[in-house]
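**Q**
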Amino acid sequence: MEVQIFRTLGGIAGLAGLAIGMILFLYREILRKNVFPTLTKRDAYRLLRNIAILSWSIAMFGILGWAWSTAILHRSQPAPDGVAAAPDEALVIAGTVVDQSTNMGIGQATIVIDGQSSSFTSEDTGNFRIALPGINRDPVRLSVTKNGYFKVDQSVIPPTHALILQMRPK
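The working numbering puts the sequence shown at residues 5 to 174.
1) I'd like to confirm the pairing. Which residues does DSSP put opposite Ile168 in its beta bridges?
2) By the DSSP assignment, the alpha helix (DSSP H) with Ile34 in it spans what residues?
3) Going by C-alpha to C-alpha distance, which of Ala135, Thr129, Gly138 and Asp142 sits closest to Leu169?
4) Could you tell me how far apart the beta carbons of Ala98 and Arg133 are, in whole angstroms, since I believe they sit closer than 8 Å?
5) Name the one or two DSSP bridge partners that Tyr153 has.
6) Would you mind reading off the limits of the beta strand (DSSP E) that contains Leu136?
7) In the DSSP assignment, the beta strand (DSSP E) including Thr106 goes from what residue to what residue?
8) Leaving aside the five residues before and after Pro173 along the sequence, list all residues of the same chain whose C-beta is less than 7 Å from its C-beta, in chain order.
9) With DSSP run on the structure shown, which of helix, strand or coil describes Leu95?
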């Protein structure tokens, strides 16, 4: 019968369930022995106090063991991708140039970053990706032009990966 109880407690609450089951099993066995009527009140109190201290100590040891093993486990795992950019990596501005009225991508739109001599061109779907050298996170001004559309100027703070630049047809 005890095996089934431990299997159920372990399945539901894991290691904590097994620990609680062991403590309850210990208390039940002590009560079955019927030792309390033979003890003086002082000895019965000491026995209960020692059992409580032992249970608390085992619980604290288990919690400390869990915390220590979790800390070791997380320390040895590498950080997930994209959590923090390395200092020498370029910041990225990425997004889509779209027609304001249809929300369709505008291909071959010219994107210029103010203060830089180079220009970038959106793909046929309107998507673009610009890698900025350095790690300066100051706002940059983008100017987007395309024949048949009004010019768009917008400031962004890099990095950004879901920028939508809407152009209004002339």
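No residue lacks a Cβ here, since even glycine has one placed at the ideal position from N, Cα and C.
**A** In terms of the structure at hand:
1) Thr100, per the DSSP bridge assignment.
2) Per DSSP, Ile34 belongs to the alpha helix (DSSP H) from Glu6 to Arg36.
3) The residue with the shortest Cα to Cα distance from Leu169 is Thr129.
4) Contact between Ala98 and Arg133 holds: their C-beta atoms lie close to 4 Å from each other, under 8 Å.
5) Pro173, per the DSSP bridge assignment.
6) Note, Leu136: beta strand (DSSP E), Asn131 to Leu136.
7) Under the DSSP assignment, Thr106 falls outside any beta strand (DSSP E); it carries neither an H nor an E label.
8) Within the same chain, Asp103, Ser105, Gly152 and Tyr153 come within 7 Å of Pro173 by CB-CB distance, once the 5 residues on both sides are set aside.
9) Shown here, Leu95 sits in a strand according to DSSP, grouped into three states.
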